[in-house]
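Peer 1:
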Amino acid sequence: MIFSSDNWAGAHPAIAESLVAHAGGYASAYGTSELDRKVEKKFSEIFEKDVAVFFVGTGTAANSLALSSVNRAGGVVFCHREAHVNVDECGAPEFFSHGARLCPVDGASGKMNTSRLEAEIRRFPAEFIHGGRPMAVTLTQATESGTVYSLAEIDAIAAVAKSHKLPLHMDGARFANALVGLGTTPAEMTWKRGINLLSFGGTKNGCWCAEALILFDPSKAQEMHFLRKRAAQLFSKSRFIAAQFDAYFSCDLWLNLARHANAMAVRLADGISASARSRLAWSPEANEVFVILKQDVASKLQQQGAVFYDWHVPDHLADSVAGDEGLYRLVTSFATRSQDVDRFVEAC
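Here my numbering is used: the first residue of the sequence shown is 4, the next is one more, and so on.
1) Considering only residues of the stretch 171-238, which uninterrupted beta strand (DSSP E) runs meet the minimum length of 3 residues and lie entirely inside it, listed in chain order?
2) With a 10 Å radius around its C-beta and 16 neighbouring C-beta atoms as the bar for buried, classify GLU85 as buried or exposed.
3) Does the distance from the C-beta atom of ALA103 to that of VAL79 stay below 9 Å?
4) Determine the contact status of ALA176 and GLU51, defining contact as a CB-CB distance below 9 Å.
5) Which class does GLY113 belong to by DSSP, given the choice of helix, strand or coil?
6) Which of the three DSSP states is assigned to THR63 in this structure?
7) I'd like to know if the stretch 225-241 and the stretch 44-64 are in contact, where contact means that at least 3 CB-CB pairs between them fall below 8 Å.
8) Quick one: grab the DSSP three-state call for LEU98.
9) Just to confirm the assignment, what range does the alpha helix (DSSP H) spanning MET138 have?
10) On the DSSP bridge list, what partners appear for VAL108?
11) Can you give me the Cβ contacts of SER8 inside the same chain, cut-off strictly under 6 Å, excluding the 5 residues immediately before and after it?
12) Comparing C-alpha positions only, which one of ALA261, LEU218, CYS254 sits nearest to LEU185?
13) Note down, in chain order, each residue of its chain lying with its Cβ closer than 6 Å to the Cβ of GLY34, except the 5 sequence neighbours on either side.
14) Taking buried to mean at least 16 other C-beta atoms within 10 Å of its own C-beta, is PRO128 buried or exposed?
15) So, at 7 Å on beta carbons, what are the nonlocal neighbours of TRP11 in its own chain, with the 5 sequence-adjacent residues on each side left out?
16) Do THR63 and CYS93 come within 9 Å of each other at the CB atom, strictly closer than that value?
17) Here's a check: name, in chain order, each residue in its chain whose Cβ is nearer than 6 Å to the Cβ of VAL348, leaving out the five neighbours to either side.
18) Do ALA179 and ASN208 have their C-beta atoms within less than 9 Å of each other?
19) Taking the continuous alpha helix (DSSP H) assigned at ARG40, which residues delimit it?
20) Along the alpha helix (DSSP H) that carries ARG346, what are the first and last residues, could you check?
21) For a test of the three-state rule: what should DSSP assign to GLY13, helix, strand or coil?
22) In three-state terms, what does DSSP make of ILE157?
23) Examine the Cβ distances between the stretch 14-33 and the stretch 41-50 and report whether three or more of them are shorter than 8 Å.
24) Take the Cβ of ILE132 as the centre, count every other Cβ of all protein chains shown within 10 Å, and call the residue buried at 16 or more, exposed below.
25) Identify whether GLU130 lies in helix, strand or coil by the three-state DSSP scheme.
26) With C-beta atoms as the reference, is VAL140 less than 9 Å away from PHE46?
27) Does the beta-carbon of GLN236 have 16 or more other beta-carbons within 10 angstroms, so that it is buried, or is it exposed?
28) Cα separation between LEU70 and PHE337?
29) Which residue comes first and which comes last in the alpha helix (DSSP H) that contains LYS303?
30) Just curious, the beta strand (DSSP E) that ASP313 is in, first and last residue?
31) Compute the distance between the beta-carbons of VAL73 and GLU121, then report whether it is under 9 Å.
32) What do you reckon, are the CB atoms on ARG282 and VAL294 nearer than 9 Å?
33) Can you tell me whether ASP352 is buried or exposed? The criterion is at least 16 other CB atoms within 10 Å of its CB, across all chains shown.
34) With a cut-off of 8 Å on the beta carbons, I'd call GLY110 and HIS83 a contact; round off their distance for me.
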């Protein structure tokens, strides 16, 4: 009953096999091999336009490089208060951008409220040099709360960013989960909505270590080559990242893995909703489920082998979580088994 994180899941066999298949022989280095080029072309096919693709090793690297590529002196990046870039990346976006700041924006369900975003941006008028100046907006899809921005919500965020001439970045660590949750296409969820840069994650969804930074305007890619090299993210044997993506995209594996993870989250949520002792904090929209459990129930589940994390209680839930209760996060993955979900539900 491993619901700690989709990062705990291993690699899908097809991806492991692809790594083995490309382990022998020789291939040109630093992203110049035929396999690298093949996968770059596949990304363009998936997004229905020519894109610039930069393989990196971690989502933090992708996010940090994306924001550093649009850096300006005194720059301020606007993100949700609970966004990964703000609370889980140890200051990497600020470090790699040489001092840009993150400005948290509030909003329910892990999503930036557009009115709050507008207000926060206006706090930094470009002509007031002492306060700094707006530099970018970044949104997380799926969010850290397991919710997903609808296409209309992305449109609204993009409209605010565009009105201030700010580039819009999407942190897509769980991109595939959000995509299948919405039932849309990669193009519709990104550049057709106004996304300029995308951190495309594969690691959480069955890859070993495969992340990519996507630029939807390839004419702006030249600087990124130097930024990635300076950040120590230019892999000499990048064909091994390409090999993972090659299998990941084959026969829609990436979408099927995400569908399974999301389906397990729904199964988990449905079971908890039917429980007399436990309840959902809110409905999941991807592969993260947030539940309210009695603390003694949570302890018993952990004693029985369940692994999950306790979570901070957001302000809007503060009055509905009793003193003997806690909020907990459960994450499903491509490797989650239905029998493990059912065991958890029966015990809670």
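Ideal placement from N, C-alpha and C gives every residue a C-beta, glycine not left out. Owing to the predicted nature of the structure, the values given are computational and were not obtained by experimental measurement.
Peer 2: Reading from the atomic positions:
1) 171-175, 200-204, 214-218
2) As a first step, residue 85 must be located in the sequence shown, where it is residue number 82. It is buried - the Cβ of GLU85 has at least 16 other Cβ atoms within 10 Å.
3) The count along the sequence shown starts at 1 and reaches residue 103 at position 100. The count along the sequence shown starts at 1 and reaches residue 79 at position 76. Result yes, Cβ atoms of ALA103 and VAL79 sit closer than 9 Å.
4) On the sequence shown, position 173 is the one that residue 176 refers to. On the sequence shown, position 48 is the one that residue 51 refers to. Contact: no.
5) Translated into positions along the sequence shown, residue 113 becomes position 110. The answer is helix: DSSP assigns GLY113 an H, G or I state.
6) Along the sequence shown, read from residue 1 onward, the residue named residue 63 stands at position 60. Helix.
7) yes
8) In the sequence shown, residue 98 corresponds to position 95, counting from 1. According to the sequence as given, residue 98 is Phe; it is not Leu. Reduced to three states, the DSSP call for PHE98 is helix.
9) Numbered from 1 along the sequence shown, position 135 holds the residue referred to as residue 138. Where MET138 is concerned, there is no enclosing alpha helix (DSSP H), although the beta strand (DSSP E) it sits in stretches over 136-143.
10) Taking the first residue of the sequence shown as 1, we reach residue 108 at position 105. Paired residue(s): HIS83.
11) Here the question's residue 8 lines up with position 5 in the sequence shown. If we look at SER8 and ignore the five residues flanking it on each side, its Cβ neighbours are VAL334.
12) Numbered from its first residue, the sequence shown carries residue 185 at position 182. Nearest C-alpha to LEU185: ALA261.
13) For the purposes of this step, residue 34 is taken as the residue at position 31 of the sequence shown. Contacts found: SER241.
14) Here residue 128 corresponds to residue number 125 of the sequence shown, with the count starting at 1. It is exposed - the Cβ of PRO128 has fewer than 16 other Cβ atoms within 10 Å.
15) Translated into positions along the sequence shown, residue 11 becomes position 8. Around TRP11: ILE5.
16) Here residue 93 refers to the residue found at position 90 when the sequence shown is read from its first residue. Here residue 63 refers to the residue found at position 60 when the sequence shown is read from its first residue. Result yes, Cβ atoms of CYS93 and THR63 sit closer than 9 Å.
17) Position 345 of the sequence shown, counted from the start, is the residue given in the question as residue 348. Only GLY274 meet the Cβ criterion.
18) The residue labelled residue 179 in the question sits at position 176 within the sequence shown. The residue labelled residue 208 in the question sits at position 205 within the sequence shown. In contact: ALA179 and ASN208 (Cβ atoms closer than 9 Å).
19) Walking along the sequence shown from the start, residue 40 turns up at place 37. Counting along the chain, the alpha helix (DSSP H) containing ARG40 begins and ends at 37-50.
20) As a first step, residue 346 is located in the sequence shown; it is residue number 343 there, counting from the start. 341-350 is the span of the alpha helix (DSSP H), which, as asked, contains ARG346.
21) On the sequence shown, position 10 is the one that residue 13 refers to. It is coil, neither helix nor strand.
22) Position 154 of the sequence shown holds residue 157. Helix, per DSSP.
23) no
24) Mapped onto the sequence shown, residue 132 falls at position 129. With fewer than 16 other Cβ atoms within 10 Å, it is exposed.
25) If you number the sequence shown from 1, residue 130 lands on position 127. Residue state, collapsed to three classes: coil.
26) Mapped onto the sequence shown, residue 140 falls at position 137. Mapped onto the sequence shown, residue 46 falls at position 43. The answer is no: Cβ separation not under 9 Å.
27) Taking the first residue of the sequence shown as position 1, residue 236 is located at position 233. Label assigned to GLN236: buried.
28) Locating residue 70 in the sequence shown gives position 67, where the first residue counts as 1. Locating residue 337 in the sequence shown gives position 334, where the first residue counts as 1. Taking the straight line joining both Cα atoms gives about 30 Å.
29) Working through the sequence shown from its first residue, we reach residue 303 at position 300. First-last of the alpha helix (DSSP H) with LYS303: 298-306.
30) Here residue 313 refers to the residue found at position 310 when the sequence shown is read from its first residue. From DSSP, the beta strand (DSSP E) with ASP313 extends over 312-314.
31) To locate residue 73, count along the sequence shown from 1; it is residue 70. To locate residue 121, count along the sequence shown from 1; it is residue 118. No, these two residues do not count as a Cβ contact at 9 Å.
32) If you number the sequence shown from 1, residue 282 lands on position 279. If you number the sequence shown from 1, residue 294 lands on position 291. Cβ atoms of ARG282 and VAL294: closer than 9 Å.
33) Because the chain is modelled from 4 through 351, residue 352 falls outside the range shown and cannot be assessed.
34) Locating residue 110 in the sequence shown gives position 107, counting from the first residue. Locating residue 83 in the sequence shown gives position 80, counting from the first residue. At roughly 6 Å, the Cβ-Cβ gap stays under 8 Å, so GLY110 and HIS83 are in contact.
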